[in-house]
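Below: the structure, in structure tokens.
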Amino acid sequence: MNAVLQSHSPSATAREFLARRHRLFIGGQWVDPAEKADIEVFDPATEERLATVPRGGPKDIDRAVAAARKAFEGEWSKINSHDRSKLLFRLADLIDANMNLAVELEVLDNGMPRMVAHYSIAKFGADYIRYYGGWCTKILGETIPVSPQDAPNGESLTYTRREPIGVVGAIIPWNAPMIMAILKIAPALAAGCTVVLKPAELTPLTALLLGDLIRQAGIPDGVVNIVPGYGHDAGAALAAHDGVDKVAFTGSTEVGKKILLAAAGNLKRVTLELGGKSPFVVFPDADLGRVIPGAARGAFFLQGQNCMASTRLFIHEDVFEKVTRGIAQLASSFRLGPGLAQDSDLGPLISGEQRERVMGYIDAGRKSGAELLCGGDAPPGKGHFVRPTLFARTSMDMKIAREEIFGPVLCAQSFSDSDLKAVAAEANRTIYGLSGSVWTRDISTAHRMVNLIDSGQVSINCHAAVDPAIPFGGNRQSGWGREFGREGLDPYLKTKATTVMF
Ligand code: ADP
């Protein structure tokens, strides 16, 4: 049974930040919202109020888009690629310099363990910005050899140039707030775009810290604007705004579809990073010493509130008992607690509503006849905790195996088939296609399975390898487009072709 840790207290610096009179970040200034309204921010580990932030609405989105347009057409367009790069590097350095505060705010706001926040903000915050800072000076067009016969003098030159797409609306979720903000801002700025960011209403704090750091880095006014607000209100206004050229969204598939419809008004470009229900396929020859912790980490990282989570285990029947027993044992040893408590392995879920949703799925799992091997309950007391839960003997006909739960619930089913196509068909039996992994020592089996699984990322003997340079994104209803890597820059650029006839 998982131990539940208690007590954590924020540092004086964090307390000072939380107590501030927070405002919207528009045109490089901290400003009040057009209509006075607030969002109360709570600590999911204690359910206590952490801070009050202003609630931006459509009028504030209008102001922010106007500021982003002004910067895009003005000062930002005059800054050359070397200087853009330097500004991004400066921002990355400032994140490193403010790491403790960033980590603490992220942990308090989201609930993730301190170590997870530190790792993610260092690697996918600061280093991700540096990665894209490096791209500023490497955005290249092409020269295209074409027939010159139309040219009066028989000579012509055709070349392409990659131009920034314009004003980007970025709408992000609550599961990894600071890095989600950076995943959008860094490639947009590297490409020469400007941004209006709407953080999730549940977790706006690190986005506000980012506003401070963007200012300190000397990034010109209006290049990044930050408007906390609700999805149906500020988010919908941003997605539909005629002054926005592209919307970059991470969140649920359901909301992704709404964004797409809202974006149709001015046919703005859209990239969507949506849900997942990723398969984790274990063959009998796999190294079980790596499989067991790999499966537990893959499923329970961020309390399972992670679109890449390995939520569906397909395990060969010869090793099914051993693997599921091993995962259950390991998961039961995880300590639940506030992210700031020294030894927490797993934090709380983001909200009471999310916990109810997850518990509803657990109930459905029990009723559908799946075998509960560990967890299945929420510890009593404060905080939205749910014990890591493993169901065995699931099938793809069950709701828990089909739908994205976004909580610490793992489904395991066995296979006996030596027909890899049949195994892959089960792995592909969802609307999603984001991540996935294959565990075997047989190089042919591994690569054949990689070919057969329809996901944007399929790893071998690891799950969800993430690096700023590795493209990431979904197939089918997991999304449109890719983030990370060189491909992550493309959605922020448009191509202009020019022909000169001599
Ligand atoms: P999650 O379930 O991870 O919170 P959501 O898809 O509900 O994901 O929310 C992700 C982001 O989308 C949040 O910032 C939220 O405010 C925003 N959002 C929710 N509904 C809408 C909407 N109709 N239009 C635009 N943004 C929205």
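Per the numbering used here, the sequence shown runs over residues 15 to 516.
Every residue gets a Cβ at the ideal spot worked out from N, C-alpha and C, and that includes glycine.
Between the beta-carbon of residue 67 and that of residue 242 there is about 5 Å, and that keeps the pair under the 8 Å contact cut. For residue 111, no beta strand (DSSP E) segment is defined; the enclosing uninterrupted segment is the alpha helix (DSSP H) at 95-111. Annotation for residue 245 indicates a beta carbon within 6 Å of some heavy atom of the ligand ADP. CA-CA distance, residue 436 to residue 39, rounds to 53 Å. Burial check for residue 255: the Cβ neighbour count within 10 Å reaches 16 or more, so the residue is buried.
Secondary structure note for residue 39: it is in no alpha helix (DSSP H), and the uninterrupted beta strand (DSSP E) holding it is 38-40. Excluding its 5 nearest sequence neighbours in each direction, residue 138 has C-beta neighbours in its own chain below 6 Å: 193, listed in chain order. Apart from the 5 residues on each side of it in sequence, residue 235 sits with its Cβ closer than 8 Å to the Cβ of 41, 42, 43, 81, 85 and 89 in its chain, given in chain order.
For residue 510, the enclosing beta strand (DSSP E) stretches over residues 507-515. Residue 214 is not a Cβ neighbour of residue 195, given a cutoff of 7 Å.
When the Cα atoms are used, residue 485 and residue 167 turn out to be separated by approximately 45 Å.
Distance from the C-beta of residue 329 to the nearest heavy atom of the ligand ADP is not below 6 Å.
Residue environment analysis places residue 293 among the buried positions, since at least 16 neighbouring C-beta atoms fall within 10 angstroms of its C-beta.
The beta carbon of residue 443 sits closer than 7 Å to the beta carbons of 410 from its chain, once the five residues preceding and following it are set aside; these are given in chain order. Contiguous beta strand (DSSP E) elements confined to the region 389-420 occur at 403-406, taking only those with 3 or more residues. Within its own chain, the residues whose Cβ lies closer than 7 Å to the Cβ of residue 494, once the five positions on either side in sequence are excluded, are 284, 285 and 286, listed in chain order. A distance criterion of 6 Å places the beta-carbon of residue 249 in contact range of the ligand ADP, judged by its closest non-hydrogen atom. Short of 6 Å from the beta carbon of residue 515, and not among the five residues preceding or following it, lie these beta carbons of its own chain, in chain order: 165 and 170.
Taking C-beta atoms as the reference points, residue 262 and residue 184 count as a pair closer than 7 Å.
A Cβ-Cβ contact shorter than 7 Å links residue 153 with residue 176. Under DSSP, the beta-bridge partners assigned to residue 329 are 296 and 428. Judged by DSSP secondary structure, residue 65 falls within the beta strand (DSSP E) whose first and last residues are 63-68. Beta bridge pairing from DSSP links residue 285 with 262. Taking C-beta separations shorter than 6 Å and ignoring five residues to either side along the sequence, the partners of residue 145 in its chain run 482, following chain order. Taken from the Cβ of residue 265, at least one heavy atom of the ligand ADP lies inside 6 Å.
With a threshold of 16 other beta carbon atoms within 10 Å, residue 52 falls short and is exposed. For the pair residue 422 and residue 343, the CB atoms are not nearer than the 7 Å cut-off. With a cut-off of 6 Å, the C-beta of residue 78 is classified as distant from the ligand ADP, since no heavy atom of the ligand falls inside that distance. Buried is the label assigned to residue 218, since at least 16 other Cβ atoms lie within 10 Å of its Cβ.
Relative to the Cα of residue 238, the nearest Cα in the group 246, 245, 244 and 224 belongs to 224. Excluding sequence positions up to five before and after residue 141, its CB lies within less than 8 Å of the CB of 106 and 482, all in the same chain and listed in chain order.
At a cut-off of 3 residues, the continuous stretches assigned as beta strand (DSSP E) that sit fully inside the region 150-234 are 170-178, 181-185 and 208-212. Counting C-beta pairs closer than 8 Å gives three or more between the region 118-134 and the region 27-34, which meets the contact rule.
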